[in-house]
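Which chain is which? The protein sequence lines are A and B, in order. First residue of the first sequence: -6, per this note's numbering; consecutive thereafter. First residue of the second sequence: -12, per this note's numbering; consecutive thereafter. Idealized CB from N, CA, C, for every residue including glycine. Just so you know, these numbers come straight off a predicted model, no measurement behind them.
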Amino acid sequence: MERKTKVYAAEGTQDLDITREFDLPLELLFKAYTEAEIVTQWMGTRVLQMESRPQGAYRFETTDADGNVLFSAHGVIHDCVPERSITRTFEMANTSFPAQLEFLEFEALPGGRSKLHIHIVYRSAEDRANALRLPFAHGISMAHDRLQEIVAKLT
Amino acid sequence: MNLRRDVFQAIADPTRRAILLLLAGQSMTAGAIAANFDTARPTVSRHLQILTECELLSQEQNGREVHYHLNLHKMKEIADFIEPFRTMWDERFNKLEAIMKNYTPKK
Chain A
-6 MERKTKVYAA EGTQDLDITR EFDLPLELLF KAYTEAEIVT QWMGTRVLQM ESRPQGAYRF
54 ETTDADGNVL FSAHGVIHDC VPERSITRTF EMANTSFPAQ LEFLEFEALP GGRSKLHIHI
114 VYRSAEDRAN ALRLPFAHGI SMAHDRLQEI VAKLT
Chain B
-12 MNLRRDVFQA IADPTRRAIL LLLAGQSMTA GAIAANFDTA RPTVSRHLQI LTECELLSQE
48 QNGREVHYHL NLHKMKEIAD FIEPFRTMWD ERFNKLEAIM KNYTPKK
């Protein structure tokens, strides 16, 4: 399968870049990031709060069938320019991972396509390494099971 | 042994991912870990054994207690971790794309 998502992490830095082109118009890509009921579907976590505006905030929480909290994360939205950019923090609760700063840039491409560039700044190079080592913790998305569920619904 | 493949198998299970997340903040005894799950204690022990075998966790004897802690440093260099991280985001974004292709605005 084509590798649509690209991740760059230069050696010895505390930054990370993620880029992805979507076969979606800019408007829909931006909506997928700012509306709680859509974020919850693709992130695979409950969205308790999603205020997509300057000085807004968001909160995610995933619980198992018995109500135990498996994942809890939150951040503040420093700035939000519709269909252009979001600047926000991200921090997982109850872990030793410090907050990270995220710059999201949304861009329209010809032919009804769009592009997302996420620039993440970690507290230190070591914190970046730890975050990369825990892809399952970063969003504990239950990616595989959730993907199957959603695809099953679509077909 | 293919450490990396084993690591992927280890993290494919949601309970094991939850154990790793639990241990991201602190080291814990098997009993304290099991208290966080409704699963039977032997099942939790089996998960701990798998995670220890693939070197994601290590055990430390502390008096009469055995503490489990995350063993991030034994894992490979950063470049090796970009691929699983990238795959996670790729899956997430594929999902986003599929959802938005079927999106109909509410009126």
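Query                                                                                                                                                                       : Result
Name the DSSP beta bridge partners of V114(A), please?                                                                                                                      : D8(A), L94(A)
How many angstroms separate the CA atom of G60(A) from the CA atom of G18(B)?                                                                                               : 20 angstroms
With distance defined between alpha-carbon atoms, name the residue in S78(A), L19(A), E76(A), F90(A) nearest to S65(A).                                                     : F90(A)
Cβ of F15(A) within 9 angstroms of Cβ of S78(A)?                                                                                                                            : no
What does the alpha-carbon distance come out to for the pair E44(A) and C41(B)?                                                                                             : 41 angstroms
Is G104(A) buried or exposed, if buried means 16 or more other CB atoms sit within 10 Å of its CB?                                                                          : exposed
Round the Cβ separation of K99(A) and L22(A) to the nearest angstrom and send it over; I've been treating them as touching at under 8 angstroms.                            : Reading the sequence as shown, one finds Phe at residue 99(A) and not Lys. That belief holds up - the Cβ atoms of F99(A) and L22(A) are roughly 6 angstroms apart, short of 8 angstroms.
In chain order, what residues of the same chain have a beta carbon less than 8 angstroms from the beta carbon of T56(A), not counting five sequence neighbours either side? : R39, V62, L63
Any Cβ of chain B within less than 9 angstroms of the Cβ of M85(A)?                                                                                                         : yes
Nearest chain A C-beta to E47(B) closer than 9 angstroms, yes or no?                                                                                                        : no
Consult DSSP for K(-1)(A) and reduce its assignment to one of helix, strand or coil.                                                                                        : strand
To the nearest angstrom, how far is it from the Cα of L211(A) to the Cα of R79(B)?                                                                                          : This structure gives no information on residue 211(A), because the portion of chain A shown stretches from -6 to 148.
Assign L9(B) to one of three DSSP states: helix, strand, or coil.                                                                                                           : helix
Which residue wins for smallest C-alpha separation from K93(A), given the options R126(A), T27(A), F83(A), A124(A)?                                                         : Correcting the residue identity first, residue 93(A) is Gln in this sequence and not Lys. The shortest C-alpha separation from Q93(A) is found at F83(A).
Are the CB atoms of L38(B) and R3(B) within a distance shorter than 9 angstroms?                                                                                            : yes
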